[in-house]
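Under the UniProt record's numbering, think of the first position of the sequence shown as 1, with each following residue one higher. Heads up, the beta-carbon is just placed ideally off N, CA and C, and yes, glycines get one too. Remember, it's a predicted structure, so these values are computed and weren't measured experimentally. Here the structure comes first, spelled out in structure tokens, and everything after it is commentary.
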Amino acid sequence: MDNKKLKTENGELSMEKHPKLEEAMAEIQRGSSEIIGMEYIENLINKYLQTGERFTIKAGFDPTAPDLHLGHTVLLQKLKTFQKYGATVQFLIGDFTAQIGDPSGKSATRKMLTPDEVAKNAETYKEQVFKILDRENTEVVFNSKWLNALGAAGIVELTTTYTVARMLERDDFEKRFKSQTPIAISEFIYPLLQGYDSVALKSDIEIGGTDQKFNLLMGRQLQKTYNVGKEQSVIMMPLLVGLDGINKMSKSLGNYIGITEDPNTIFAKVLSISDELMWDWYELLSEKSLKEIEELKQKVKEGMNPKIAKEALAIEIVDRFHGEGAGIKAKEHFDKVHKQGQIPDDIPEFELDEQNIVDALVNTKLASSKSEARRHIKGGAVRINQEKIDDQNLILKSGEEYILQIGKRKFAKVKVK
């Protein structure tokens, strides 16, 4: 960027560009898939750098599950970057809209949640987001506050702002309509309600995943319709690919890392991703600069083991959610168990009656069911005192102690009464 004046969206000239604006915009654009209203964002950040005047950025999270995973933190990391450059985050918990369910990317109508389920999940979200966001520059808001107040008359008025034909232009609705898959009227209302959030909050910017484009643009449109005096800029971030390297991170697919999982589990899961996927995770999740990431890539090209770079990423992620130093401890634990074949020090202990190995694996929670326990034994994944076993009828005898193990990460110490 040169030192000329910035232009506003209506073509008017604003103040001189701040020397740090270029650096700020590079960080803002990092990893993003699409940005609509870039000039407005530049002006907001430039004004903050020049005068200290803050602006708002909104991100909505429907509390449809009790915990956040790394996929959610892609948006949280970007929000944290915005806070660095003058944004007050409107962390919107969609306690009203979660009861309907976002139809984005869905091939069927979602099950409606109860108010109690939503309230319980919302509380965990409030606790977890401040592992990343600056609490001082974050407003936690609930959309039930204004959507309940909107009432039936207000919602009917809201539905007049958009046509069914326009709704059916949306890709997922179009596919379902052509395949004669039912679409509930509530699903048409959902993007209108999300858009109205931006009207109520008068947001300057909204951020979401690429699958949210229709909903994000709805907020921009409704701000214009309701004469808010601004049209929010929109930033879309790619969906984080999960542990399988194929699908977006999702609890339902089991390819996720929960931010409340223990340090050893998070560390081991990060190390399990492919070398190629690692660089995408670095760009979307790491606080390292793009220059630092490029230097790491170059070292790998020159012969450094990519596992070293992956371990650095794993340590950074563990530290973020469990405190500085937790990542190194998780690495030491991983090395002890995986490299040296040793048994970790902090394994859970159980006192059981005499029983067979299948029951013991279930009772120690190493397996979720007897059928799963049998599959692990048949597949050669089960060890007793570090010796592989294949006998599903093996009895753990009274008065004996055993170390049970499934795979490389699951251990339990058993004392038989």
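Reduced DSSP category for residue i - H, G, I as helix; E, B as strand; rest coil
i	result
Leu253	coil
Tyr125	helix
Phe82	helix
Leu396	strand
Arg110	With a pLDDT of only 48 at Arg110, under the threshold of 50, the placement of this residue in the model should not be trusted, and no figure is reported.
Val89	strand
Gln77	helix
Gln223	helix
Val199	helix
Val416	strand
His69	strand
Gly105	Since pLDDT at Gly105 reaches only 49, below the 50 mark, its modelled position is unreliable, and the value read off the structure follows with that caveat. In the structure shown, Gly105 sits in coil (DSSP, three-state: anything other than H, G, I, E or B).
Gly325	coil
Phe411	strand
Val241	strand
Glu349	strand
Phe130	coil
Close Cβ partners of residue i (< 8 angstroms) along its chain, the five nearest in sequence each way excluded
i	result
Leu168	Glu174, Phe177
Ala312	Leu296
Lys397	Glu354, Val416
Glu27	Thr81, Lys84, Tyr85
Glu53	Lys47, Gly86
Counted within 10 angstroms of its Cβ, other Cβ atoms place residue i as buried (16 or more) or exposed
i	result
Gly242	buried
Gln342	exposed
Asn215	buried
Arg166	exposed
Ile62	In the sequence as presented, Ile is not what sits at residue 62; that position holds Asp. Counting Cβ neighbours within 10 Å, Asp62 comes out buried, since at least 16 surround it.
Gln223	buried
Arg135	exposed
Arg375	exposed
Ala152	exposed
Met25	buried
Lys417	exposed
Thr160	exposed
Gln90	buried
Asn148	exposed
Lys301	exposed
Gln298	exposed
Between the CA atoms of residue j and residue i - distance to the nearest angstrom
i	j	result
Lys80	Ile36	20 angstroms
Glu127	Ile347	27 angstroms
Trp281	Pro19	30 angstroms
Met57	Ile357	The question names Met, yet the displayed sequence has Ile at residue 57. Between Ile57 and Ile357, the C-alpha separation is close to 55 angstroms.
Tyr162	Val141	26 angstroms
Arg220	Ile259	31 angstroms
Met249	Leu240	6 angstroms
Ala184	Leu217	21 angstroms
Gly105	Leu133	Because the pLDDT of Gly105 is 49, which lies under 50, any placement of that residue in the model is unreliable, and the number read from its coordinates should be weighed accordingly. Going by the C-alpha atoms only, they are around 27 angstroms apart.
Ile273	Gly245	7 angstroms
Ile255	Lys269	For clarity, residue 255 is Asn in the given sequence; the question names Ile instead. Their backbone Cα atoms lie some 9 angstroms apart in a straight line.
Val234	Glu283	20 angstroms
Lys410	Leu366	6 angstroms
Ala119	Leu68	15 angstroms
Tyr85	Gly154	36 angstroms
Gly94	Phe267	31 angstroms
Pro182	Gln194	22 angstroms
Leu92	Glu292	33 angstroms
Ser369	Glu387	22 angstroms
Glu42	Glu287	22 angstroms
Asn121	Val362	28 angstroms
Asp319	Trp279	19 angstroms
Thr109	His333	The pLDDT assigned to Thr109 is 45, lower than 50, so where the model puts this residue is not dependable; a value taken from the coordinates is nonetheless given after this. Cα-Cα distance, rounded: 44 angstroms.
Glu123	Asp116	11 angstroms
Thr97	Glu372	37 angstroms
Gly380	Asn393	15 angstroms
Thr225	Lys145	21 angstroms
For residue i, the residue or residues it bridges with in DSSP
i	result
residue 498	Nothing about residue 498 can be read from this structure; the chain reaches only from 1 to 417.
Gly208	Met236
Ile35	Ile235
Gly60	Leu92
Gln355	Leu396
Thr163	Per DSSP, none; premise fails for Thr163.
Val140	Phe91
Lys248	Val241
Gly258	His69
Spatial neighbours of residue i in its chain, beta-carbon cut-off 7 angstroms, leaving aside the 5 residues before and after
i	result
Lys213	Met236
Ala326	Pro263, Val318, Asp319
Gly399	Val416
Contact set for residue i: own chain, Cβ-Cβ below 6 angstroms, skip 5 residues either direction
i	result
His322	Pro263
Lys408	His338
Val74	Met237, Leu240, Leu284
Gln405	Arg383, Phe411
Glu231	Arg220, Gln223, Lys224
Chain D within 7 angstroms of residue i, Cβ atoms only
i	result
Trp281	Annotation note: the requested chain D is absent from the structure, which comprises a single protein chain.
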